[in-house]
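Residue numbers (this note's numbering): 2 to 381. Beta carbons: idealized from backbone N, C-alpha and C, even for Gly. In this text the structure is predicted, and so the values were computed from the model without any measurement.
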Amino acid sequence: MSFIRPLALLLAAVLSSPAQERILTVTVSMPDSLAKPSLTLFVAGNRPEFGNWHPATAALERVNDTVWRRSWTFPQGSVLQFKITAGSWDDEAVYRADAVPGNTIIHLDSDTTVQLRPIFWKSRLKLAKPERAIVGTVRYHRGLTGAGLAHARDLIVWLPPSYETASAKRYPVLYVHDGQNIFDPSTSFTGHDWRMDETADSLIRMGRMEEVIIVGIGNTADRLPEYSDSPLGDAYREFVISTVKPLIDSTYRTKPDRRHTSVMGSSLGGLCSFLFAWKRPDIFGAAAGLSTSFWYDDERTLKEIRGHSGAKKAVRWYLDCGGREKELLSGYRRMTEILKKQGYEKGKDLEYHLDSNGVHNELSWSRRTWRPLLFLYGKK
(Lines of atoms letter the chains of each structure in order from A; the text may use other names.)
(Lines give C-alpha, C1' and ligand atoms only; values in the text may rest on other atoms or scores of the structure.)
Protein backbone atom coordinates (compact mmCIF):
# COMPACT_ATOMS: atom_id res chain seq x y z
CA MET A 2 0.00 0.00 0.00
CA SER A 3 2.87 2.38 0.78
CA PHE A 4 4.17 1.73 -2.75
CA ILE A 5 0.88 2.15 -4.65
CA ARG A 6 -0.11 5.48 -3.13
CA PRO A 7 3.09 7.41 -4.06
CA LEU A 8 2.90 5.86 -7.54
CA ALA A 9 -0.68 7.07 -7.95
CA LEU A 10 0.30 10.54 -6.79
CA LEU A 11 3.19 10.60 -9.25
CA LEU A 12 0.91 9.50 -12.10
CA ALA A 13 -1.64 12.19 -11.21
CA ALA A 14 1.09 14.83 -11.19
CA VAL A 15 2.30 13.74 -14.63
CA LEU A 16 -1.20 13.72 -16.08
CA SER A 17 -1.99 17.18 -14.73
CA SER A 18 1.31 18.79 -15.75
CA PRO A 19 1.63 20.82 -18.96
CA ALA A 20 3.07 19.25 -22.12
CA GLN A 21 6.79 18.62 -21.83
CA GLU A 22 8.96 21.16 -23.60
CA ARG A 23 11.85 20.47 -25.93
CA ILE A 24 14.71 22.62 -27.17
CA LEU A 25 15.48 23.32 -30.82
CA THR A 26 18.93 24.72 -31.56
CA VAL A 27 19.73 26.03 -35.04
CA THR A 28 23.39 26.45 -35.99
CA VAL A 29 24.36 28.02 -39.32
CA SER A 30 27.94 27.93 -40.61
CA MET A 31 28.68 30.34 -43.45
CA PRO A 32 31.58 30.21 -45.91
CA ASP A 33 34.25 32.85 -45.35
CA SER A 34 33.29 34.61 -48.58
CA LEU A 35 29.80 35.38 -47.25
CA ALA A 36 30.49 35.90 -43.55
CA LYS A 37 30.98 39.66 -43.67
CA PRO A 38 31.18 41.56 -40.35
CA SER A 39 27.88 43.29 -41.11
CA LEU A 40 26.01 40.06 -41.91
CA THR A 41 22.93 39.22 -39.83
CA LEU A 42 21.14 35.91 -40.30
CA PHE A 43 17.48 35.20 -39.57
CA VAL A 44 15.20 32.23 -39.16
CA ALA A 45 11.88 32.71 -41.01
CA GLY A 46 9.26 30.11 -40.25
CA ASN A 47 5.81 29.02 -39.16
CA ARG A 48 5.85 30.25 -35.57
CA PRO A 49 5.78 33.72 -33.98
CA GLU A 50 9.22 32.90 -32.57
CA PHE A 51 10.35 32.49 -36.19
CA GLY A 52 8.74 35.76 -37.30
CA ASN A 53 5.71 34.07 -38.93
CA TRP A 54 7.66 33.80 -42.20
CA HIS A 55 8.88 37.38 -42.16
CA PRO A 56 12.46 37.19 -43.53
CA ALA A 57 14.01 39.71 -41.14
CA THR A 58 12.46 39.30 -37.68
CA ALA A 59 13.98 36.34 -35.79
CA ALA A 60 17.72 37.04 -35.76
CA LEU A 61 20.33 34.41 -34.96
CA GLU A 62 23.18 35.24 -32.59
CA ARG A 63 26.66 35.46 -34.02
CA VAL A 64 29.00 33.03 -32.24
CA ASN A 65 32.20 33.77 -34.16
CA ASP A 66 33.30 34.95 -37.60
CA THR A 67 31.44 32.22 -39.50
CA VAL A 68 28.90 30.66 -37.11
CA TRP A 69 25.44 31.81 -36.00
CA ARG A 70 23.26 30.02 -33.46
CA ARG A 71 20.05 30.33 -31.47
CA SER A 72 17.85 28.07 -29.34
CA TRP A 73 14.07 28.03 -28.76
CA THR A 74 11.80 26.03 -26.49
CA PHE A 75 8.58 24.51 -27.88
CA PRO A 76 6.09 21.91 -26.67
CA GLN A 77 7.12 18.36 -27.41
CA GLY A 78 5.66 17.18 -30.70
CA SER A 79 5.64 20.62 -32.34
CA VAL A 80 6.00 20.63 -36.12
CA LEU A 81 8.41 23.41 -37.06
CA GLN A 82 9.18 24.72 -40.54
CA PHE A 83 11.70 27.41 -41.42
CA LYS A 84 14.29 28.82 -43.80
CA ILE A 85 17.45 30.88 -43.25
CA THR A 86 17.78 34.36 -44.75
CA ALA A 87 20.07 37.37 -44.65
CA GLY A 88 17.07 39.67 -44.25
CA SER A 89 15.06 39.23 -47.46
CA TRP A 90 13.66 36.42 -49.58
CA ASP A 91 16.13 37.28 -52.34
CA ASP A 92 18.82 36.54 -49.76
CA GLU A 93 17.43 33.15 -48.78
CA ALA A 94 20.16 30.61 -48.01
CA VAL A 95 20.67 27.82 -50.57
CA TYR A 96 22.64 24.61 -50.14
CA ARG A 97 23.28 23.42 -53.69
CA ALA A 98 23.98 25.14 -56.98
CA ASP A 99 20.91 24.05 -58.95
CA ALA A 100 17.85 24.33 -56.70
CA VAL A 101 16.02 26.51 -54.21
CA PRO A 102 15.63 24.45 -51.00
CA GLY A 103 12.35 23.48 -49.44
CA ASN A 104 11.55 24.25 -45.83
CA THR A 105 13.60 22.66 -43.08
CA ILE A 106 10.95 20.61 -41.22
CA ILE A 107 11.44 19.40 -37.66
CA HIS A 108 9.11 17.16 -35.65
CA LEU A 109 10.29 18.17 -32.20
CA ASP A 110 9.96 14.92 -30.26
CA SER A 111 13.26 15.42 -28.40
CA ASP A 112 15.90 18.12 -27.93
CA THR A 113 17.22 18.72 -31.43
CA THR A 114 20.17 20.53 -32.99
CA VAL A 115 20.04 21.43 -36.67
CA GLN A 116 23.29 22.27 -38.43
CA LEU A 117 23.02 24.09 -41.76
CA ARG A 118 25.80 25.04 -44.18
CA PRO A 119 24.61 27.40 -46.95
CA ILE A 120 26.81 27.98 -49.98
CA PHE A 121 25.32 31.32 -51.12
CA TRP A 122 22.06 33.27 -51.54
CA LYS A 123 19.07 32.63 -53.78
CA SER A 124 19.76 35.87 -55.67
CA ARG A 125 23.02 34.32 -56.92
CA LEU A 126 21.52 30.98 -57.79
CA LYS A 127 21.84 30.19 -61.49
CA LEU A 128 18.82 27.99 -62.07
CA ALA A 129 18.65 25.84 -65.14
CA LYS A 130 16.31 27.01 -67.88
CA PRO A 131 12.75 26.10 -66.86
CA GLU A 132 11.66 22.79 -68.29
CA ARG A 133 8.59 24.42 -69.84
CA ALA A 134 7.16 27.72 -70.91
CA ILE A 135 3.87 29.04 -69.59
CA VAL A 136 1.02 27.26 -71.36
CA GLY A 137 -1.37 29.71 -72.97
CA THR A 138 -1.42 33.49 -73.20
CA VAL A 139 -0.47 35.67 -70.24
CA ARG A 140 -0.38 39.43 -69.90
CA TYR A 141 1.25 41.54 -67.21
CA HIS A 142 0.24 44.68 -65.34
CA ARG A 143 3.17 46.09 -63.37
CA GLY A 144 3.54 48.18 -60.26
CA LEU A 145 -0.04 48.54 -59.02
CA THR A 146 -0.45 50.55 -55.83
CA GLY A 147 -3.28 50.95 -53.36
CA ALA A 148 -4.30 53.22 -50.50
CA GLY A 149 -2.80 52.14 -47.19
CA LEU A 150 -0.36 49.66 -48.80
CA ALA A 151 3.37 50.24 -48.59
CA HIS A 152 4.38 48.19 -51.64
CA ALA A 153 3.45 48.05 -55.31
CA ARG A 154 2.82 44.67 -56.89
CA ASP A 155 2.39 43.04 -60.29
CA LEU A 156 -0.47 41.10 -61.86
CA ILE A 157 -0.12 38.16 -64.22
CA VAL A 158 -3.31 37.43 -66.19
CA TRP A 159 -3.86 34.04 -67.83
CA LEU A 160 -6.34 33.99 -70.71
CA PRO A 161 -8.31 30.85 -71.61
CA PRO A 162 -7.87 29.08 -74.98
CA SER A 163 -10.75 30.74 -76.84
CA TYR A 164 -10.13 34.29 -75.61
CA GLU A 165 -8.32 35.56 -78.74
CA THR A 166 -10.81 34.08 -81.22
CA ALA A 167 -14.23 34.19 -79.49
CA SER A 168 -14.48 37.97 -79.52
CA ALA A 169 -18.05 38.08 -78.19
CA LYS A 170 -17.53 35.67 -75.34
CA ARG A 171 -17.20 36.80 -71.71
CA TYR A 172 -15.52 34.85 -68.91
CA PRO A 173 -15.64 34.40 -65.14
CA VAL A 174 -12.56 35.49 -63.19
CA LEU A 175 -10.54 33.70 -60.52
CA TYR A 176 -8.25 35.92 -58.42
CA VAL A 177 -5.27 34.06 -56.89
CA HIS A 178 -2.91 35.32 -54.19
CA ASP A 179 0.87 34.73 -54.34
CA GLY A 180 0.55 35.23 -58.08
CA GLN A 181 4.23 34.77 -58.87
CA ASN A 182 3.95 31.14 -57.74
CA ILE A 183 1.05 29.90 -59.85
CA PHE A 184 2.20 29.86 -63.51
CA ASP A 185 5.93 30.50 -63.83
CA PRO A 186 8.63 28.33 -62.17
CA SER A 187 11.24 31.04 -62.76
CA THR A 188 9.41 33.45 -60.43
CA SER A 189 8.03 30.93 -57.95
CA PHE A 190 9.13 30.96 -54.33
CA THR A 191 10.72 27.49 -54.50
CA GLY A 192 11.37 27.08 -58.22
CA HIS A 193 8.19 25.00 -58.58
CA ASP A 194 4.94 26.64 -59.61
CA TRP A 195 1.33 25.50 -59.16
CA ARG A 196 1.01 24.60 -62.88
CA MET A 197 -2.39 26.28 -62.93
CA ASP A 198 -1.88 27.16 -66.60
CA GLU A 199 -1.30 23.54 -67.63
CA THR A 200 -4.05 22.21 -65.38
CA ALA A 201 -6.71 24.72 -66.43
CA ASP A 202 -5.78 24.42 -70.12
CA SER A 203 -6.02 20.61 -70.00
CA LEU A 204 -9.35 20.56 -68.13
CA ILE A 205 -10.84 23.13 -70.51
CA ARG A 206 -9.72 21.27 -73.65
CA MET A 207 -11.07 18.00 -72.19
CA GLY A 208 -14.46 19.68 -71.81
CA ARG A 209 -14.46 19.18 -68.04
CA MET A 210 -14.09 22.81 -66.99
CA GLU A 211 -15.62 26.13 -67.95
CA GLU A 212 -13.23 28.64 -69.47
CA VAL A 213 -11.99 31.21 -66.94
CA ILE A 214 -9.60 34.15 -66.71
CA ILE A 215 -7.08 33.62 -63.89
CA VAL A 216 -5.49 36.70 -62.29
CA GLY A 217 -2.38 36.15 -60.18
CA ILE A 218 -1.75 38.96 -57.68
CA GLY A 219 1.87 39.14 -56.58
CA ASN A 220 2.71 39.21 -52.90
CA THR A 221 5.01 41.69 -51.15
CA ALA A 222 7.18 41.99 -48.05
CA ASP A 223 3.96 42.69 -46.12
CA ARG A 224 2.44 39.35 -47.12
CA LEU A 225 1.69 38.23 -43.56
CA PRO A 226 -0.35 41.26 -42.39
CA GLU A 227 -1.90 41.76 -45.83
CA TYR A 228 -3.16 38.16 -45.89
CA SER A 229 -4.62 38.23 -42.37
CA ASP A 230 -7.50 39.84 -40.51
CA SER A 231 -5.69 43.12 -39.80
CA PRO A 232 -5.77 46.76 -40.92
CA LEU A 233 -3.33 45.92 -43.71
CA GLY A 234 -5.51 42.95 -44.60
CA ASP A 235 -8.48 45.30 -44.92
CA ALA A 236 -6.41 47.63 -47.12
CA TYR A 237 -5.29 44.75 -49.34
CA ARG A 238 -8.85 43.47 -49.76
CA GLU A 239 -10.04 46.99 -50.66
CA PHE A 240 -7.14 47.28 -53.15
CA VAL A 241 -8.26 44.09 -54.90
CA ILE A 242 -11.91 45.21 -54.95
CA SER A 243 -11.36 48.87 -55.89
CA THR A 244 -8.20 48.76 -58.02
CA VAL A 245 -7.48 45.27 -59.34
CA LYS A 246 -11.01 44.14 -60.17
CA PRO A 247 -12.01 47.35 -62.01
CA LEU A 248 -8.77 47.13 -64.03
CA ILE A 249 -9.48 43.52 -65.01
CA ASP A 250 -13.16 44.17 -65.78
CA SER A 251 -12.36 47.18 -67.97
CA THR A 252 -9.43 45.55 -69.78
CA TYR A 253 -10.76 42.04 -70.41
CA ARG A 254 -14.10 40.52 -71.38
CA THR A 255 -15.24 39.39 -67.95
CA LYS A 256 -18.46 38.42 -66.22
CA PRO A 257 -18.07 40.89 -63.37
CA ASP A 258 -20.93 39.82 -61.06
CA ARG A 259 -20.30 37.99 -57.77
CA ARG A 260 -21.54 34.67 -59.11
CA HIS A 261 -18.66 34.65 -61.58
CA THR A 262 -15.96 36.09 -59.29
CA SER A 263 -13.90 33.73 -57.12
CA VAL A 264 -10.74 33.93 -55.03
CA MET A 265 -8.11 31.32 -54.20
CA GLY A 266 -4.85 30.90 -52.29
CA SER A 267 -2.69 28.60 -50.22
CA SER A 268 -1.45 28.77 -46.63
CA LEU A 269 -1.95 32.39 -45.52
CA GLY A 270 -3.27 33.01 -49.04
CA GLY A 271 -5.97 30.47 -48.24
CA LEU A 272 -6.84 32.35 -45.06
CA CYS A 273 -6.91 35.59 -47.05
CA SER A 274 -9.23 34.03 -49.65
CA PHE A 275 -11.59 32.82 -46.94
CA LEU A 276 -11.69 36.30 -45.38
CA PHE A 277 -12.32 37.95 -48.77
CA ALA A 278 -15.46 35.89 -49.38
CA TRP A 279 -16.63 35.90 -45.76
CA LYS A 280 -16.39 39.67 -45.41
CA ARG A 281 -17.43 40.60 -48.97
CA PRO A 282 -19.82 37.95 -50.31
CA ASP A 283 -21.35 40.71 -52.43
CA ILE A 284 -18.15 40.65 -54.51
CA PHE A 285 -16.83 37.08 -54.23
CA GLY A 286 -19.21 34.18 -54.73
CA ALA A 287 -16.69 31.43 -54.02
CA ALA A 288 -13.36 30.90 -52.24
CA ALA A 289 -10.79 28.10 -52.33
CA GLY A 290 -8.13 27.58 -49.68
CA LEU A 291 -5.33 25.01 -50.01
CA SER A 292 -3.53 24.17 -46.76
CA THR A 293 -5.18 27.17 -45.10
CA SER A 294 -3.45 28.68 -42.04
CA PHE A 295 -6.49 28.79 -39.75
CA TRP A 296 -4.08 28.58 -36.80
CA TYR A 297 -2.85 32.12 -37.40
CA ASP A 298 -3.53 34.91 -34.88
CA ASP A 299 -4.74 32.53 -32.17
CA GLU A 300 -7.29 30.99 -34.57
CA ARG A 301 -9.11 34.29 -34.87
CA THR A 302 -10.94 33.41 -38.08
CA LEU A 303 -12.06 30.01 -36.78
CA LYS A 304 -13.52 31.70 -33.71
CA GLU A 305 -15.28 34.36 -35.78
CA ILE A 306 -16.94 31.86 -38.11
CA ARG A 307 -17.90 29.55 -35.24
CA GLY A 308 -19.59 32.48 -33.50
CA HIS A 309 -21.54 33.60 -36.56
CA SER A 310 -25.28 33.59 -35.81
CA GLY A 311 -26.58 35.43 -38.85
CA ALA A 312 -27.95 34.12 -42.10
CA LYS A 313 -25.95 31.61 -44.11
CA LYS A 314 -23.74 33.47 -46.57
CA ALA A 315 -24.24 32.73 -50.26
CA VAL A 316 -20.68 31.55 -50.85
CA ARG A 317 -19.26 28.28 -52.16
CA TRP A 318 -16.25 26.98 -50.21
CA TYR A 319 -13.36 24.66 -51.08
CA LEU A 320 -10.89 23.54 -48.39
CA ASP A 321 -8.08 21.01 -48.40
CA CYS A 322 -5.06 20.00 -46.36
CA GLY A 323 -2.06 17.71 -46.62
CA GLY A 324 -1.91 14.72 -44.32
CA ARG A 325 1.68 15.59 -43.42
CA GLU A 326 0.79 19.17 -42.44
CA LYS A 327 0.22 18.28 -38.80
CA GLU A 328 0.01 21.88 -37.64
CA LEU A 329 -2.87 22.58 -40.07
CA LEU A 330 -5.00 19.44 -39.78
CA SER A 331 -6.96 20.49 -36.70
CA GLY A 332 -7.98 23.85 -38.18
CA TYR A 333 -8.95 22.23 -41.49
CA ARG A 334 -11.15 19.65 -39.80
CA ARG A 335 -12.79 22.10 -37.42
CA MET A 336 -13.55 24.65 -40.14
CA THR A 337 -15.08 21.93 -42.27
CA GLU A 338 -17.37 20.93 -39.40
CA ILE A 339 -18.24 24.56 -38.61
CA LEU A 340 -19.34 25.16 -42.21
CA LYS A 341 -21.41 21.99 -42.29
CA LYS A 342 -23.18 23.01 -39.08
CA GLN A 343 -24.01 26.35 -40.73
CA GLY A 344 -25.81 24.53 -43.51
CA TYR A 345 -23.19 24.14 -46.24
CA GLU A 346 -23.44 20.80 -48.04
CA LYS A 347 -20.59 18.74 -49.45
CA GLY A 348 -20.76 18.58 -53.23
CA LYS A 349 -23.13 21.54 -53.40
CA ASP A 350 -21.70 24.68 -51.79
CA LEU A 351 -18.87 22.98 -49.86
CA GLU A 352 -16.05 20.70 -50.96
CA TYR A 353 -13.08 19.45 -48.96
CA HIS A 354 -10.23 17.03 -49.47
CA LEU A 355 -7.47 15.51 -47.34
CA ASP A 356 -4.37 14.69 -49.39
CA SER A 357 -2.82 11.93 -47.28
CA ASN A 358 0.72 12.56 -48.56
CA GLY A 359 0.41 16.32 -49.01
CA VAL A 360 3.02 18.70 -47.60
CA HIS A 361 3.23 22.48 -47.38
CA ASN A 362 4.79 23.60 -50.63
CA GLU A 363 4.05 24.64 -54.21
CA LEU A 364 4.90 21.24 -55.68
CA SER A 365 2.32 19.55 -53.46
CA TRP A 366 -0.32 22.18 -54.29
CA SER A 367 0.35 21.79 -58.02
CA ARG A 368 -0.72 18.14 -57.76
CA ARG A 369 -4.20 19.04 -56.52
CA THR A 370 -5.15 22.40 -58.07
CA TRP A 371 -7.46 20.44 -60.38
CA ARG A 372 -9.74 19.79 -57.42
CA PRO A 373 -10.67 23.41 -56.61
CA LEU A 374 -10.77 24.26 -60.33
CA LEU A 375 -13.34 21.53 -60.98
CA PHE A 376 -15.35 22.48 -57.91
CA LEU A 377 -15.45 26.13 -58.91
CA TYR A 378 -15.81 25.73 -62.68
CA GLY A 379 -16.43 22.07 -63.48
CA LYS A 380 -18.98 21.13 -66.10
CA LYS A 381 -21.70 18.71 -65.05
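Does DSSP classify residue i as helix, strand or coil?
i              : result
tyrosine 228   : coil
leucine 364    : helix
serine 163     : coil
serine 124     : helix
threonine 302  : helix
aspartate 235  : helix
valine 44      : strand
glutamate 50   : helix
tryptophan 371 : helix
tyrosine 297   : helix
tyrosine 345   : coil
tyrosine 96    : coil
threonine 191  : coil
aspartate 112  : coil
lysine 380     : coil
By Cβ distance, which residues of its chain are closer than 7 Å to residue i, with the 5 residues on each side in sequence left out?
i             : result
aspartate 223 : Ala151, His152 and Leu233
valine 136    : Asp198, Glu199 and Asp202
tyrosine 228  : His178, Gly234, Leu269, Gly270, Leu272 and Cys273
Could you check where the beta strand (DSSP E) with residue i kicks off and where it finishes?
i              : result
alanine 1      : Outside the shown range of the chain, which is 2 to 381, sits residue 1, and nothing can be said about it.
tyrosine 76    : Per the sequence shown, the amino acid found at residue 76 is proline instead of tyrosine. Proline 76 -> beta strand (DSSP E) spans 68-76.
isoleucine 214 : 214-218
serine 30      : 22-30
histidine 178  : 174-178
valine 139     : 138-145
tyrosine 319   : 317-323
serine 58      : At residue 58 the sequence reads threonine, which differs from the serine that was named. Taken as a continuous stretch (DSSP letters only), threonine 58 belongs to no beta strand (DSSP E), as it is neither H nor E.
Which residues mark the beginning and the end of the alpha helix (DSSP H) in which residue i is found?
i              : result
lysine 84      : Taken as a continuous stretch (DSSP letters only), lysine 84 belongs to no alpha helix (DSSP H), being part of the beta strand (DSSP E) at 79-86.
arginine 206   : 197-206
glycine 332    : 327-342
isoleucine 242 : Segment: none, isoleucine 242 is in no alpha helix (DSSP H) and carries neither H nor E.
Just to confirm my understanding: we take residue i, look at its own chain, exclude 5 residues before and 5 after, and list those with CB closer than 6 Å. What are they?
i             : result
aspartate 112 : Arg23 and Ile24
valine 68     : Ser30
threonine 41  : Ala60
With a CB to CB cut of under 8 Å and the five nearest residues on each side skipped, what residues in its chain are close to residue i?
i             : result
glutamate 386 : Examination of residue 386 is not possible in this model, given that the chain is present from 2 through 381 alone.
### Query
Does the count of Cβ pairs from the stretch 203-216 and the stretch 374-381 closer than 8 Å reach three?
yes
### Message
Just to confirm the assignment: which complete alpha helix (DSSP H) runs, minimum length 4, are found wholly within the stretch 257-286?
### Response
269-280
### Message
Measuring CB atoms only, is the stretch 234-242 touching the stretch 159-168, in the sense that at least three cross pairs come out at less than 8 Å?
### Response
no
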